[in-house]
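Position 328 of the sequence shown, counting from 1, maps to 329 under our numbering, and the rest follow consecutively.
Virtual Cβ for every residue (Gly too), placed ideally from N, Cα, C.
As the structure is a computational prediction, the values presented were derived from the model and not from experiment.
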Amino acid sequence: MTSFTEPRITASKVSSERVSALATRLRREIAGDVLFDQASRGRYATDASIYQITPVGVVIPRHQHDLQVALDIARDAKMPLLARGGGTSQCGQTVGDALVVDTSRWLNQIVDFDPDNLTVVVEPGVVLDDLNRWLKPHGLWFPVDVSTSAQCTLGGMAGNNSCGSRSIRYGNMVHNVLGIDALLADGSEARFGLLQELAQGDRVRQIAQEVQRIAERENANIREHYPKVLRRVGGYNLDLFDCQNPLPYDAGGQVNLAHLLIGSEGTLAVTRRIKLKLAPLPRHKVLAVVNFPTFYQAMDLTQHIVTLDPTAVELVDRTMIDLSMENPSFKPVIEKALIGQPEALLLVEFAGEDVAGLHEQLDRLSELMADLGLPGSVVKMTEAAEQTALWNVRKAGLNIMMSMKGDGKPVSFIEDCAVPLEHLAEYTAKLTEVFHKHGTEGTWYAHASVGTLHVRPILDMRRDGAQKMRAIAEEASALVRAYKGAFSGEHGDGLCRGEWVAWQFGPQLNAAFKEVKQLFDPENLLNPGKIVDTPRMDDHSYFRFPKTYQPIPVTPVLDWSDWNVLRNPLTGEQSAPGSGADPTGGLIGAVEMCNNNGHCRKFDAGTMCPSYRATRNEQHLTRGRANTLR
């Protein structure tokens, strides 16, 4: 499908003497933490993806000067550098054979706030929920509300072009970033903003002129190959000069060079600060839960529901309902949303200033569902507490799905393909047939409003999962192409979908992306092997569970038998506790349930990791402990 080339800088080919010299210089010149021990490197070897690559070392910069120095030292040593936030990436963007720079611990300051112009400037390590808690007394929020808001950082969201549940109203990250201060690969400081405001001779303006030349040359290909869906995250945003997104990147129709960095996964520059566009907090919200007797109906009728102008339409499938009912915290919440035994739920939110008008919208939704053959299918929630409780269940979707016991787990690799709403039902039905063909089932949830569902086939990546993953991906890609969708709708390229960039955009645009990378980063210093010159998605040497993975037999003191079970991926039937083949009696099964999305990093109310709250150190995080044990 795609040719693969070696990155021009690869840390694995660097001698131990050079690595030692790098560590010594970093410790001498960096005020923050410098970690080169095996355990620390292992804790940064994974993110929320299926991949595991041990970094050369880890730097945790204490301030902006540390960030600059780390980049300069890495460049002098010809060592790749990978900037990382919360480590919540689902496609392997934040793991690599490189010097990892963790901005989440100390580069987390709110730098500037302009409530009159609805803007805020933040450092890359600011966590989304922390920012929104800070903004709430001002009646404002940053509305790109991803489900990992308790642990993801704004720098990571910008690098990924994150979207969130309410993108149908507010757009994606690219629609809400006004400017970025960054470090280029050569160490120079650069400000990315409106093209018309850049001075002649400015380094960014010079880069912009070259990028514009490439974009104008490839304009016909851009118009032909860029998917015309709101959710499209792949390659570089070369369409910033001729936007192909249904929602213009800039409300005023101007060209903003910051949008070229959005979704670039840290391959073009290192983010120092981000200027964000804020929105007023809605005064009132109401929530309707529509119960569907079949999954197909939920997908088919979404296109009618969005005509009522909701702020969100989110899917919860039967698997997620059943797993939620097994959780004592979630069971009473989900029970209030159910009418009978639905196969799927759609959470439909309306928000605005007039509460009476919102209640009218709830009534119109009930009338619409009756007209569509589903009278009495709507549960109305008007109290803030009950709405929040149900949204918390939805936001925990990934963790709920990953609570599935047994060797098979819902695997992320086609989990955010985006298709036009009119094709959503047919697409999901055909993809389900693909899963059944390969002897498995899929879990479904998330953003029905924009045709982007989080679908994860249940695979055992320790055995034949990789082979099935390749086959399913090939067939899923054919469906996406048939429906003129995007293979990556919001979670980016990374290691998982980098090889599909050429498939999505064609060989000429793929070559153009390489030109852009060369323009910004001629030595391939910044996060190499992502977006361009990528490995295969199923390269076993990058997997968290490679072919050589074998649990070490131990006899634990505690009883872990609940995790030592067998589960049928098609029927969902689970064997009795202790009946599996786990040589650790279920201990490793419990450890492997950690999906690494970092929800234990959260600082809000509820269950979380107190030792991490006190130290902000990955070593003392539940995720860190699981990685160390594994």
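_On a Cα-Cα basis, can you pick out the residue from 513, 144, 317 that is closest to residue 222?_
513
*Rounded Cβ spacing between residue 410 and residue 403 (contact assumed at less than 8 Å)*: Yes, residue 410 and residue 403 are in contact; Cβ-Cβ is about 6 Å, under 8 Å.
_Nearest residue (CA-CA) to residue 117, options 274, 523, 586, 281_ = 281
*Find out if the Cβ-Cβ distance for the pair residue 418, residue 488 is shorter than 8 Å.*
Yes, they are a contact pair.
*Between residue 423 and the rest of its own chain, which residues show a CB-CB distance below 7 Å, the 5 nearest in sequence each way excluded?*
304
*Determine the direct distance from the alpha carbon of residue 201 to that of residue 49, and round the result to whole angstroms.*
42 Å
_For a test of the three-state rule: what should DSSP assign to residue 403, helix, strand or coil?_
helix
*May I have the straight-line CA-CA distance separating residue 216 from residue 227, to the nearest angstrom?*
12 Å
*Pick out whichever of 122, 133, 204 has its Cα sitting closest to the Cα of residue 180.*
122
_Residue burial classification, residue 362 (beta-carbon count within 10 angstroms, cutoff 16)_ = With 16 or more other Cβ atoms within 10 Å, it is buried.
*asked:* Would residue 502 and residue 452 be called neighbours here (beta carbons separated by less than 8 Å)?
replied: Going by beta carbons, residue 502 and residue 452 fall outside the 8 Å limit.
_Integer-rounded CB distance, given that residue 76 should sit under 8 Å from residue 526_ = 6 Å
_For residue 19, the residue or residues it bridges with in DSSP_ = Looking at the DSSP output, residue 19 shares a beta bridge with no other residue.
*In three-state DSSP terms, what is residue 2?*
For residue 2, the predicted structure reports a pLDDT of 40, less than 50, and the residue's modelled location is therefore unreliable. A value from the coordinates is still provided. Three-state result, residue 2: coil.
_To the nearest angstrom, how far is the alpha carbon of residue 591 from that of residue 211?_
51 Å
*Could you please give the first and the last residue of the uninterrupted alpha helix (DSSP H) stretch that includes residue 193?*
Element bounds for residue 193: not the alpha helix (DSSP H) but the beta strand (DSSP E), 190-193.
_For residue 173 and residue 162, what's the separation of their Cα atoms in angstroms?_
7 Å
*Just how far apart, CA to CA, sit residue 563 and residue 552?*
17 Å
_Sequence-distant residues of its chain with Cβ nearer than 6 Å to residue 6 (five each side left out)_ = Legend: pLDDT at residue 6 = 38, less than 50; position of this residue unreliable, value from coordinates given subsequently. Annotation for residue 6: 534 place their beta carbon closer than 6 Å to its own, counting only its chain and skipping 5 residues before and after.
_Less than 8 Å between the beta carbons of residue 352 and residue 286, yes or no?_
yes
_Tell me which residue opens and which closes the alpha helix (DSSP H) that residue 309 is part of._
Taken as a continuous stretch (DSSP letters only), residue 309 belongs to no alpha helix (DSSP H), as it is neither H nor E.
*Straight-line CA distance for residue 582 to residue 333?*
34 Å
*With a cut-off of 8 Å on the beta carbons, I'd call residue 636 and residue 258 a contact; round off their distance for me.*
Nothing can be reported for residue 636, as the shown portion of the chain is limited to 2 through 631.
*Under 8 Å between the Cβ atoms of residue 496 and residue 470?*
no
*Where DSSP assigns a beta bridge to residue 446, which residues make up the other side?*
317, 455
*From the DSSP output, which residues share a beta bridge with residue 136?*
According to DSSP, residue 136 bridges with nothing at all.
_Touch test, the segment 29-37 against the segment 79-89, Cβ-Cβ under 8 Å, three pairs minimum_ = The segment 29-37 makes no contact with the segment 79-89; the number of CB pairs closer than 8 Å stays below 3.
*Unbroken alpha helix (DSSP H) runs of length 4 or more, entirely within the segment 344-392: which are they?*
With a minimum length of 4 residues, the continuous alpha helix (DSSP H) runs that stay inside the segment 344-392 are 356-372.
*Just grab the DSSP bridge partners of residue 142 for me.*
280
*Segment limits, alpha helix (DSSP H) that includes residue 285*: Residue 285 -> not in any alpha helix (DSSP H); beta strand (DSSP E) instead, spanning 285-293.
*By the 10 Å Cβ neighbour count, where 16 or more other Cβ atoms means buried, how is residue 298 classified, buried or exposed?*
buried
*Report yes if the CB atom of residue 56 is closer than 8 Å to the CB atom of residue 86, and no otherwise.*
no
*Taking residue 85 as part of the beta strand (DSSP E), name the residues at either end of that continuous run.*
Per DSSP, residue 85 is one residue of the beta strand (DSSP E) stretching across 82-85.
*Can you name, in chain order, every residue of its own chain whose Cβ lies under 7 Å from the Cβ of residue 431, other than the five neighbours on each side?*
Taken in chain order, the residues that qualify are 480.
*Would you please state the rounded distance, in angstroms, between the beta carbons of residue 74 and residue 23? I believe it to be under 8 Å.*
7 Å
*If we ignore side chains and look at the alpha-carbon of each, how far apart do residue 312 and residue 144 end up?*
Distance between the alpha carbons of residue 312 and residue 144: 11 Å.
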